[in-house]
């Protein structure tokens, strides 16, 4: 008689049993996920290196625990569309997108700090957009 999962004890486990013994076939791989493209960002808010560096530091400290650059369950903030850029300050400081899970950070960040983060993200968006467009121009 074959034992049920409830009857098997850890000492009954055998290293010579592997998934190929279970009679299943090859596991199909999921299709590749196409990267979400960059949209042309708005005009840079600043080119001041100190402001952009401060924005990067604040992004890493306060934003990167949820928002990464690249595929994630939360938006890649370098790829925001014009409408989301327009409401960036309200999203961060007033909780304008709280129903989606992003609460206000007004107790942590000042308006000037949010502006520095936004400037950094726009600058990074331009870098990504230019790389994307350069790659497109090389593709036959």
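Residue numbers (our numbering): -18 to 121. Backbone N, C-alpha and C define an ideal beta-carbon position, used for all residues, glycine too.
Roughly how many whole angstroms lie between the Cα atoms of residue i and residue j?
i, j, result
"residue 24", "residue 10", "41 Å"
"residue 119", "residue 87", "44 Å"
"residue 45", "residue 105", "14 Å"
"residue 77", "residue 6", "49 Å"
"residue 20", "residue 85", "25 Å"
"residue 93", "residue 22", "20 Å"
"residue 12", "residue 113", "22 Å"
"residue 33", "residue 14", "31 Å"
"residue 64", "residue 116", "26 Å"
"residue 69", "residue 30", "21 Å"
"residue 108", "residue 43", "22 Å"
"residue 80", "residue 71", "13 Å"
"residue 28", "residue 103", "10 Å"
"residue 75", "residue 83", "10 Å"
Does the Cβ-Cβ distance between residue i and residue j come in under 8 Å?
i, j, result
"residue 97", "residue 36", "yes"
"residue 73", "residue 90", "yes"
"residue 66", "residue 55", "no"
Evaluate residue i with the Cβ neighbour count: other Cβ atoms within 10 Å of its Cβ, from every protein chain shown; 16 or more gives buried, anything less gives exposed.
i, result
"residue 8", "exposed"
"residue 17", "exposed"
"residue 57", "buried"
"residue 41", "exposed"
"residue 111", "exposed"
"residue 95", "buried"
"residue 59", "buried"
Just to confirm, does residue i get its C-beta within under 7 Å of one of the non-hydrogen atoms of the ligand ATP?
i, result
"residue 22", "Ligands in the displayed structure: none, and consequently the ligand ATP is not present."
Rounded C-beta distance between residue i and residue j? I'm assuming under 8 Å.
i, j, result
"residue 39", "residue 100", "With a Cβ gap of about 10 Å, residue 39 and residue 100 do not count as contacting."
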